[in-house]
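Structure, as structure tokens:
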Amino acid sequence: VFQGTVKDLEGSDVKPVAIKMIRKNASSQEKREFLQEAKLMNHLRHKNVLRLLGICLDADSPLIILELMEYDLLKYLRESRTLQPSDSTLQTSNSHALRLQDLLAMCEDVALVSARNRENRIVKIGDFGLARDIYKDDYYRMKGEGPLPIRWMAPESLMDGIFTSQSDVWAFGVLMWEIMTLGKQPYPAKNNFEVLQYVCAGNKLSKPPHCPLALYQLMLRCWNAVDDRPNFIVCLENIVTLRDNIEDTILSSADIIRHAEHTDVKKTTSGNHK
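First residue of the sequence shown: 4, per the numbering used here; consecutive thereafter.
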């Protein structure tokens, strides 16, 4: 993906955009899949989905023109490791849950590398290369061998190649873990094969430092057996409740501090009159 400019688009003379290109010497099948991604994005209109602006077919290889996002979420989290408050990370999880609940397609790749962050802190997903419509058949079984996001995949996806909305919930749990660790790689120090064995053996990611226990418990629910996982509505409700509780705690702490400061001022004033 490259940054570029386009003329006479949406009433602007020159507009900065992101340009997604397919690799050189791509096969006909790869080109079809590339255009299928653009077709899917064209049908999605959501505040948390990267907006498709156009497709260029004049060149030898097709180009997808997307809105330009100023920041990369993964980089943003890593650079903010000493600054990021819990409430902001919960807001990011909240944004992802809203987006995933509203989408009419399954997105296998919900890793942080697919998300961008703008100055207004709206998180958007921007990679639909692995997206498949599952409403008709309820699940999608991967055919052939291609690059897969092993560290975000549920056991049934790893073992049987089955992808459902429940496997999306599993991936969302890993995404929350990434957010709370401020961009750490899931299952650090393990290669992809070791991750596959580790997950299929029933192991889970450990609780991130400073992560609220209630949020980690939600992650663990996302990593339950298929039928025991919450849906995205439940995930969203839990995150909103937890965020509100944190806000109440912060406000209560601020009131205590203000009361203590006011008391100190009164004591100082009284002392000056003696």
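Glycine included, every Cβ here is placed at the ideal spot set by N, Cα and C.
Discussion item. Does Q188 come out as helix, strand or coil in the three-state DSSP assignment?
Written reply: Locating residue 188 in the sequence shown gives position 185, counting from the first residue. The three-state secondary structure of Q188, taken from DSSP, is coil.
Discussion item. Let me check one thing: in DSSP terms, what residues is M24 bridge-paired to?
Written reply: Residue mapping note: residue 24 aligns to position 21 of the sequence shown, counting from 1. In DSSP, M24 forms a bridge with L66.
Item to complete: Would you please state the rounded distance, in angstroms, between the beta carbons of C203 and M156? I believe it to be under 8 Å.
Response: As a working note, residue 203 is residue 200 in the sequence shown. As a working note, residue 156 is residue 153 in the sequence shown. Separation of the CB atoms of C203 and M156 is rounded to 10 Å, and the pair is thereby denied contact status at 8 Å.
Discussion item. Please classify P19 as buried or exposed, where buried requires at least 16 other C-beta atoms within 10 Å of its C-beta.
Written reply: Residue 19 sits at position 16 when you count from the first residue of the sequence shown. Under this definition P19 is an exposed residue.
Worksheet entry | Nonlocal neighbours in the same chain, by C-beta distance under 6 Å from A217, ignoring five residues either side | As a first step, residue 217 is located in the sequence shown; it is residue number 214 there, counting from the start. For A217, same chain residues with a beta-carbon under 6 Å away, outside a window of 5 residues either side, are L245 in chain order.
Discussion item. DSSP three-state label for T244, please.
Written reply: As a position in the sequence shown, residue 244 is number 241, starting the count at 1. In the three-state DSSP reduction, T244 falls in the helix class (H, G or I).
Fill in: Under 7 Å between C-beta atoms of G7 and I25
For the purposes of this step, residue 7 is taken as the residue at position 4 of the sequence shown. For the purposes of this step, residue 25 is taken as the residue at position 22 of the sequence shown. For G7 and I25, no; Cβs fall outside 7 Å.
Worksheet item: How should E181 be labelled, buried or exposed, when 16 other C-beta atoms within 10 angstroms of its C-beta is the threshold for buried?
Response: Position 178 of the sequence shown holds residue 181. With a threshold of 16 other beta carbon atoms within 10 Å, E181 meets it and is buried.
Worksheet item: Where does D171 sit, in a helix, a strand or coil, going by DSSP?
Response: For this step, residue 171 is matched to residue 168 along the sequence shown. Taken through DSSP and simplified to helix, strand or coil, D171 comes out as helix.
Discussion item. Taking DSSP's pairing of strands, which residues face L55 in a bridge?
Written reply: Position 52 of the sequence shown, counted from the first residue, corresponds to residue 55. Looking at the DSSP output, L55 shares a beta bridge with L69.
Discussion item. With the cut-off set at 7 Å, would you say V172 and C214 are in Cβ contact?
Written reply: The residue you call residue 172 lines up with position 169 of the sequence shown. The residue you call residue 214 lines up with position 211 of the sequence shown. Their beta carbons are not under 7 Å apart, which means V172 does not touch C214 by this criterion.
Discussion item. Within a Cβ cutoff of 6 Å, which residues of the same chain sit near P158, ignoring the five residues on either side of it in sequence?
Written reply: On the sequence shown, position 155 is the one that residue 158 refers to. In its chain, beyond the 5 residues on either side, V202 and C203 have a beta carbon closer than 6 Å to the beta carbon of P158.
Item to complete: Can you tell me which of N227, V229, L221 and R232 puts its alpha carbon nearest to the alpha carbon of L242?
Response: The sequence position of residue 242 within the sequence shown is 239, counting from 1. Rather than Leu, the amino acid found at residue 242 in this sequence is Ile. Closest by alpha carbon: L221.
Item to complete: Using the Cα positions of H53 and E197, report the straight-line distance between them to the nearest angstrom.
Response: Walking along the sequence shown from the start, residue 53 turns up at place 50. Walking along the sequence shown from the start, residue 197 turns up at place 194. According to the sequence as given, residue 53 is Leu; it is not His. About 33 Å.
Worksheet item: So what's L161 in DSSP terms, helix, strand or just coil?
Response: Working through the sequence shown from its first residue, we reach residue 161 at position 158. Three-state result, L161: helix.
Fill in: Cβ pair M179, P211 closer than 7 Å
Reading the sequence shown from its first residue, position 176 is the one you call residue 179. Reading the sequence shown from its first residue, position 208 is the one you call residue 211. Going by C-beta atoms, M179 is not nearer than 7 Å to P211.
Fill in: Unbroken stretches of the alpha helix (DSSP H), 4 residues or longer, contained in the stretch 209-234
216-225, all fully within the stretch 209-234.
Worksheet item: CB-CB under 8 Å to I153, same chain, minus the five flanking residues each way: which ones, in chain order?
Response: On the sequence shown, position 150 is the one that residue 153 refers to. Around I153: L161, N195, V198 and L199.
Practice prompt. Could you check if A192 is buried or exposed, using at least 16 other CB atoms within 10 Å of its CB as the buried criterion?
Written response: Along the sequence shown, one-based indexing puts residue 192 at 189. Within 10 angstroms of the beta-carbon of A192 lie fewer than 16 other beta-carbons, which makes it exposed.
Worksheet entry | With 16 other Cβ atoms within 10 Å as the buried cut-off, status of Q169 | For this step, residue 169 is matched to residue 166 along the sequence shown. So Q169 ends up on the buried side.
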